[in-house]
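Asker: The listed protein sequences correspond, in order, to chains A and B. Sequential numbering from 108 applies to the first sequence in the numbering used here. Sequential numbering from 372 applies to the second sequence in the numbering used here.
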Amino acid sequence: MSEQTDAELLAAHCAGDPDAFAEIVRRHRDRLWAVALRTTGNPEEASDALQDALISAYRRAESFRGDSAVTTWLHRIVVNASLDRLRRRSVRTWVPLPEEGEGAALIDQSRLADPRAAAETRETVAEVRAALDTLPPDQRAAIVLVDLEGWSVEEAARVLECPAGTVKSRCFRGRAKLAERLAHLRNQDASGSVVPPDNDEVTADEGGAP
Amino acid sequence: MSDQPDEEFLGDLPRMDVDLADWLASDTASPMPMEVWSKLEARLAAEAEPGKVVDLTVERTRRRGGRVLPILAGAAGVALVGAVVLPSLRSPDPAPVAGGSATSQPVVAVPAPEVADSVDPTSGAVAAATPSTPSGAAAVISEPVLPRAIVSTGTDYAADDLPGQVVTLLADAGMADGTAVAAAMSASPAPAPMPGSGLAASPESLAECLTRLGLPDVIPLVLDTATIEGRAGSVIVTAGQAAPDGRPTSLHVVAVGQECNEEDVLSARHWELPLR
Chain A
108 MSEQTDAELL
118 AAHCAGDPDA
128 FAEIVRRHRD
138 RLWAVALRTT
148 GNPEEASDAL
158 QDALISAYRR
168 AESFRGDSAV
178 TTWLHRIVVN
188 ASLDRLRRRS
198 VRTWVPLPEE
208 GEGAALIDQS
218 RLADPRAAAE
228 TRETVAEVRA
238 ALDTLPPDQR
248 AAIVLVDLEG
258 WSVEEAARVL
268 ECPAGTVKSR
278 CFRGRAKLAE
288 RLAHLRNQDA
298 SGSVVPPDND
308 EVTADEGGAP
Chain B
372 MSDQPDEEFL
382 GDLPRMDVDL
392 ADWLASDTAS
402 PMPMEVWSKL
412 EARLAAEAEP
422 GKVVDLTVER
432 TRRRGGRVLP
442 ILAGAAGVAL
452 VGAVVLPSLR
462 SPDPAPVAGG
472 SATSQPVVAV
482 PAPEVADSVD
492 PTSGAVAAAT
502 PSTPSGAAAV
512 ISEPVLPRAI
522 VSTGTDYAAD
532 DLPGQVVTLL
542 ADAGMADGTA
552 VAAAMSASPA
562 PAPMPGSGLA
572 ASPESLAECL
582 TRLGLPDVIP
592 LVLDTATIEG
602 RAGSVIVTAG
612 QAAPDGRPTS
622 LHVVAVGQEC
632 NEEDVLSARH
642 WELPLR
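Quick look at the structure:
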């Protein structure tokens, strides 16, 4: 079964193969999960959105026309299910980043060897997620696909079912908001502490700099 | 936050600010957690092999008929309604699940007499005879037993989606298969006090409800305060049939209204679902 393409597996699923659809999902589960998690911003919502989406895809697989890749089609359903949840949610909150150990899966493992670097990374990730959470759903989905998941604008446009120019516009505006909301991170010193720009001189004086 | 309408962005998307790119890159993707995959796999398996879902509602409702009032009256008075339930299901204490015979054992409660002969025999559901309730006799409120899990998932249960929804509910509660269900039945119940309102307010209210539903003496595995086809209510899952080794092979699922009052009981839905 693993030799079959996604399209062949989907055809097999439509023909009654009970394992074919799960195999497709197994192949792409991590990417689908990442998109759902980053779009909803909440592991429980991501899990629910993913289930809703994939059960829906399972049931209406015959409607797949083959004019895009199976993965594009699956991502489209997952993104739509995630956005539906995002839009329905009145209060959006990120689950706090787990502490060390549990959070290791979220963080670049190589940085964990250095506790300070790991702490910095966790803080940055938390800041990024909080900033991302403030974006309107459409901008957020575009940023997730293009800037976080590495899809091309054209691929993202197919997933989001909108013109490429719209994806670019959403990314552009979303990036501008993120840059504004994360601007304070530019002022972190080497120790990871945030140094407000206004205090630069005072800090220098206290440090005995000329 | 201003969210201007989308406009076509002509030309290339500019390169991302270097700092922003670094910050976004710090949020590396994590693989799908195993528990999420397990749940998803179980849902897909339930879709692939939904098994035989037996809707017991119509038969139960028809048979309940005039009996519901005496049963309700029994909530106040006390008399015994026989129920065929193996000891492992009666007792909240850890105890080995009964087994023994080469055939499927009637582990699930088919508690009220109107149920005992109402189950489709082809489903493998309980066929054991239960003593009749003397005319006018009241039902006993079974000993309050805490459910193994009390949740409020926000799920809107629907008959068509029930197998998958119950699979998910049980998987979330750590009872993904018959072995896990058997273990849960022997485990300590959810800690008191019960955290919810309505049926989830107290063990007594749940026990009364189960008695009204014709399910005294069962160990409720999971109580989910949810909606059923858009209406507020609760879904109660108990063990169903068991294999000779005592491992449950089916589940009995009841969807009942919020208050579990007479009207709710009359409109309650009952299903028997296969369990892996």
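Virtual Cβ for every residue (Gly too), placed ideally from N, Cα, C.
Beta carbons nearer than 9 Å to chain A: which residues of the region 379-392 of chain B have them?
Answerer: Under the 9 Å Cβ criterion, the region 379-392 of chain B contributes GLU379, PHE380, LEU381, GLY382, ASP383, LEU384, PRO385, MET387, ASP388, ASP390, LEU391, ALA392.
Asker: Which of the residues in the region 589-606 of chain B, read from start to end, lie with their CB under 9 Å from any CB of chain A?
Answerer: Within the region 589-606 of chain B, no residue qualifies.
Asker: Which residues of the region 179-198 of chain A have a Cβ closer than 8 Å to any Cβ of chain B? Give them in chain order.
Answerer: If the cut-off is 8 Å between Cβ atoms, the region 179-198 of chain A has nothing near chain B.
Asker: Can you tell me whether DSSP reads LEU242/A as helix, strand or coil?
Answerer: Here LEU242/A sits in coil by DSSP.
Asker: Residues in its own chain within less than 7 Å of GLU630/B by CB, not counting five upstream and five downstream?
Answerer: Excluding sequence neighbours, GLU630/B sits near GLY569.
Asker: In chain D, which residues lie with their C-beta within 7 Å of the C-beta of MET403/B?
Answerer: Absent here is chain D; the protein component of the structure consists of chains A and B.
Asker: Taking the beta strand (DSSP E) that GLY604/B belongs to, which residues open and close that run?
Answerer: Looking at the DSSP string, the run of the beta strand (DSSP E) that includes GLY604/B is 602-610.
Asker: Using a Cβ-Cβ distance under 8 Å, would THR609/B count as near chain A?
Answerer: Chain A contact via Cβ: absent.
Asker: How would you list, in chain order, the residues of chain A whose beta-carbon sits under 8 Å from the beta-carbon of LEU415/B?
Answerer: Residues of chain A passing the Cβ test: PHE128, ALA129, VAL132, LEU161, ILE162, TYR165.
Asker: With distances taken Cα to Cα, identify the nearest neighbour of ALA160/A among LEU181/A, GLY257/A, PRO244/A, ALA286/A.
Answerer: Looking at the Cα atoms, LEU181/A is the closest of the given residues.
Asker: I'd like the span of the beta strand (DSSP E) that includes GLY628/B, first residue to last.
Answerer: Run containing GLY628/B: 621-628, per the beta strand (DSSP E) assignment.
Asker: Using a Cβ cut-off of 9 Å, which residues of the region 257-274 of chain A contact any Cβ in chain B, in chain order?
Answerer: Against chain B - using a Cβ distance shorter than 9 Å - the residues of the region 257-274 of chain A are VAL260, CYS269, PRO270, ALA271, GLY272, THR273, VAL274.
Asker: Roughly how many whole angstroms lie between the Cα atoms of GLU643/B and GLU420/B?
Answerer: Distance between the alpha carbons of GLU643/B and GLU420/B is about 15 Å.
Asker: Quick check on this structure: which residue in PRO385/B, THR598/B, LEU384/B, ILE590/B has the alpha carbon closest to the alpha carbon of LEU533/B?
Answerer: That would be THR598/B, whose Cα lies nearest to the Cα of LEU533/B.
Asker: Helix, strand or coil: how does DSSP classify ALA597/B here?
Answerer: Here ALA597/B sits in strand by DSSP.
Asker: Since TRP642/B is in the beta strand (DSSP E), which residue starts that stretch and which ends it?
Answerer: Its beta strand (DSSP E) spans residues 640-645.
Asker: If contacts are defined as beta-carbon pairs under 8 Å, then VAL262/A and THR179/A qualify, I think. What distance do you get, rounded to the angstrom?
Answerer: The identity of residue 262/A in the sequence shown is Glu, whereas the question assumes Val. The pair is a contact, with the Cβ atoms about 7 Å apart (cut-off 8 Å).
Asker: Against chain B, does GLN111/A count as a neighbour if the rule is that its beta carbon must be under 8 Å from one of theirs?
Answerer: Taking Cβ atoms only, chain B never reaches closer than 8 Å to GLN111/A, which makes this a no.
Asker: For a contact meaning CB atoms closer than 9 Å, what does CYS278/A contact in chain B?
Answerer: Under the 9 Å cutoff, chain B gives PHE380, LEU384, MET387.
Asker: By Cβ distance, which residues of its chain are closer than 6 Å to VAL606/B, with the 5 residues on each side in sequence left out?
Answerer: TYR528, ASP595, ALA597, ALA626.
Asker: Can you list, in chain order, the stretches of the beta strand (DSSP E) that have 3 or more residues and sit fully within the region 230-296 of chain A?
Answerer: Taking only runs of at least 3 residues, no beta strand (DSSP E) segment lies wholly in the region 230-296 of chain A.
Asker: Report the residue ranges of all alpha helix (DSSP H) runs contained in full by the region 143-193 of chain A; include only those spanning at least 4 residues, in chain order.
Answerer: Fully enclosed alpha helix (DSSP H) runs of 4 or longer: 150-166.
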